[in-house]
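Each residue of the sequence shown is one higher than the one before, starting from 6 at the first, in our numbering.
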Amino acid sequence: MEVTPTATHVGPFGRPGFLDVLHRHWPRGTVESLDDGDGGASVEVVEGVAMGVGHRDLVDYRSPRGPSGVEVLVRLVGDRPVRIDSLPGELADSLADALRASGRDVTTQEQDVAAVLTLPGSFDEWLASIGKKERHETRRKRRRYEELVGPARIARFEDDADRLSEFVALHRTSAGEKGAFMTDAMADYFADVMALEGWGLDAILTPDGAMAAAGLSFHGDDGYYLYNSAFDRSFWEASPGVVLIASLIEFAIEEGQMLFDFLKGDEPYKFRLGAEPRPLFEVASP
Numbered sequence: 006m007e008v009t010p011t012a013t014h015v016g017p018f019g020r021p022g023f024l025d026v027l028h029r030h031w032p033r034g035t036v037e038s039l040d041d042g043d044g045g046a047s048v049e050v051v052e053g054v055a056m057g058v059g060h061r062d063l064v065d066y067r068s069p070r071g072p073s074g075v076e077v078l079v080r081l082v083g084d085r086p087v088r089i090d091s092l093p094g095e096l097a098d099s100l101a102d103a104l105r106a107s108g109r110d111v112t113t114q115e116q117d118v119a120a121v122l123t124l125p126g127s128f129d130e131w132l133a134s135i136g137k138k139e140r141h142e143t144r145r146k147r148r149r150y151e152e153l154v155g156p157a158r159i160a161r162f163e164d165d166a167d168r169l170s171e172f173v174a175l176h177r178t179s180a181g182e183k184g185a186f187m188t189d190a191m192a193d194y195f196a197d198v199m200a201l202e203g204w205g206l207d208a209i210l211t212p213d214g215a216m217a218a219a220g221l222s223f224h225g226d227d228g229y230y231l232y233n234s235a236f237d238r239s240f241w242e243a244s245p246g247v248v249l250i251a252s253l254i255e256f257a258i259e260e261g262q263m264l265f266d267f268l269k270g271d272e273p274y275k276f277r278l279g280a281e282p283r284p285l286f287e288v289a290s291p
């Protein structure tokens, strides 16, 4: 059956392939799925509670599949307690209404926020939209990067084990929690995610071909989704992280994407670059 998510603009996160990889690496309970001709849904049953598959820190959006996905999800959970996070607003409302219609008490709570940038037709238009100060800083840092390191153009790598190893090594040089995040288990998970259709590494390369900065991303029919990023700290003075984001936005515009999704997190830089908040909700029922 068609695996198009019920919700719009949720990228790869409701696709069975992604959910299979996620559960294989980070199992919390038993995955159950139900599909019919017009919809499908999957849940992970953890200590008797029907939840979204995988921890919310690794899944930016939840959605059942197909036009009748919400109804299928309600049938799948049955009378079990429900707690499903990371739902876009309209989908959270639809699920809450469907659960209440089946006679259940339901609570809906805003829990996270994603940051989504609507892309114009050209990079210059985007620069013009972000205001004089941000535009000046973006241009200045890019010029400085190119003076100190080299051209800030994106190269795309798909299912490339050597490049992923390079990305993992860069990630581990990060300070604090970000550096500690990239364990061997997480690196193995990233390798299987990168092997899925639509996923890859988008990198700025130095003149000798090494990664100066890179992002693990999904290129969908409805947008560009930036899942994770890292940069070479030896180029700190050249602002490779800032330059990477601007170059990725330019890359997405050149691809003809309409949206650039920074995914979860309310870091101020995302909104300075023109993103709008997209609230995400948890729907729960005892």
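Even glycine gets a Cβ: it sits at the ideal position worked out from N, Cα and C.
Contacts around residue i, its chain only, beta-carbon distance under 8 Å, and the 5 residues preceding and following it disregarded
i           : result
residue 7   : Because residue 7 sits at a pLDDT of 46, beneath the cut-off of 50, its placement in the model cannot be relied upon, and the following sentence gives the value as read from the coordinates. Cβ neighbours of residue 7 beyond the five flanking positions: 70 and 71.
residue 281 : 120, 121, 122 and 123
residue 297 : With the chain covering only 6 through 291, there is no way to say anything about residue 297.
residue 135 : 143, 277, 278 and 279
residue 26  : 194, 197, 198 and 201
Option nearest residue i by Cα separation, candidates the options
i           : options               : result
residue 5   : 122, 13, 61 and 117   : Because the chain spans 6 through 291 in this model, residue 5 falls outside it and cannot be assessed.
residue 275 : 112, 54 and 118       : 118
residue 43  : 73, 100, 174 and 237  : 73
residue 207 : 10, 13, 253 and 133   : 253
residue 222 : 257, 183 and 214      : 257
residue 2   : 26, 48 and 61         : Not covered by the structure: residue 2. The range shown for the chain is 6 to 291.
residue 209 : 157, 55, 251 and 200  : 157
residue 214 : 250, 265 and 162      : 162
residue 228 : 240, 241, 244 and 262 : 262
residue 141 : 265, 284 and 251      : 251
residue 171 : 75, 192 and 56        : 192
residue 45  : 66, 21 and 65         : 21
residue 106 : 176, 75 and 58        : 75
residue 64  : 93, 37 and 77         : 93
residue 255 : 226, 127, 267 and 187 : 127
residue 220 : 190, 267 and 273      : 267
residue 249 : 26, 114 and 150       : 150
Inter-residue Cα distance where the pair is residue i and residue j
i           : j           : result
residue 148 : residue 218 : 16 Å
residue 41  : residue 16  : 22 Å
residue 86  : residue 34  : 14 Å
residue 166 : residue 196 : 7 Å
residue 164 : residue 260 : 20 Å
residue 160 : residue 108 : 53 Å
residue 155 : residue 96  : 45 Å
residue 271 : residue 234 : 16 Å
residue 237 : residue 79  : 46 Å
residue 23  : residue 205 : 14 Å
residue 116 : residue 101 : 15 Å
residue 297 : residue 131 : Examination of residue 297 is not possible in this model, given that the chain is present from 6 through 291 alone.
residue 125 : residue 247 : 20 Å
residue 98  : residue 9   : 19 Å
residue 169 : residue 203 : 15 Å
residue 39  : residue 52  : 20 Å
residue 129 : residue 243 : 22 Å
residue 84  : residue 198 : 33 Å
residue 239 : residue 179 : 11 Å
residue 68  : residue 143 : 35 Å
residue 30  : residue 182 : 20 Å
residue 137 : residue 146 : 14 Å
residue 90  : residue 194 : 21 Å
residue 58  : residue 28  : 7 Å
residue 103 : residue 264 : 30 Å
residue 189 : residue 201 : 19 Å
residue 225 : residue 241 : 31 Å
residue 19  : residue 77  : 14 Å
residue 187 : residue 50  : 27 Å
Close Cβ partners of residue i (< 6 Å) along its chain, the five nearest in sequence each way excluded
i           : result
residue 112 : 289
residue 55  : 48, 82, 85 and 87
residue 184 : 177
Sequence-distant residues of the same chain with beta carbon closer than 7 Å to residue i, five excluded per side
i           : result
residue 110 : 290 and 291
residue 211 : 154, 155 and 217
residue 174 : none
residue 36  : 28, 47, 49 and 58
Residue-chain proximity (residue i, chain C), Cβ-Cβ < 9 Å
i          : result
residue 93 : The structure shown contains no chain C; it is built from a single protein chain.
Practice task
Counting only runs of 4+ residues fully inside the region 69-156, write out the alpha helix (DSSP H) ranges in chain order.
Solution key: 74-82, 94-106, 128-134 and 137-153
Practice task
Could you tell me which uninterrupted alpha helix (DSSP H) segments, each at least 4 residues in length, are contained entirely in the region 156-183, listed from first to last along the chain?
Solution key: 166-177
Practice task
Kindly provide the ranges of any beta strand (DSSP E) runs that are 3 or more residues long and lie completely inside the region 209-241, ordered along the chain.
Solution key: 216-224 and 229-236
Exercise for the section: Let me know the alpha helix (DSSP H) ranges lying completely inside the region 236-273, each 4 residues or longer, listed in chain order. Expected result: 245-260
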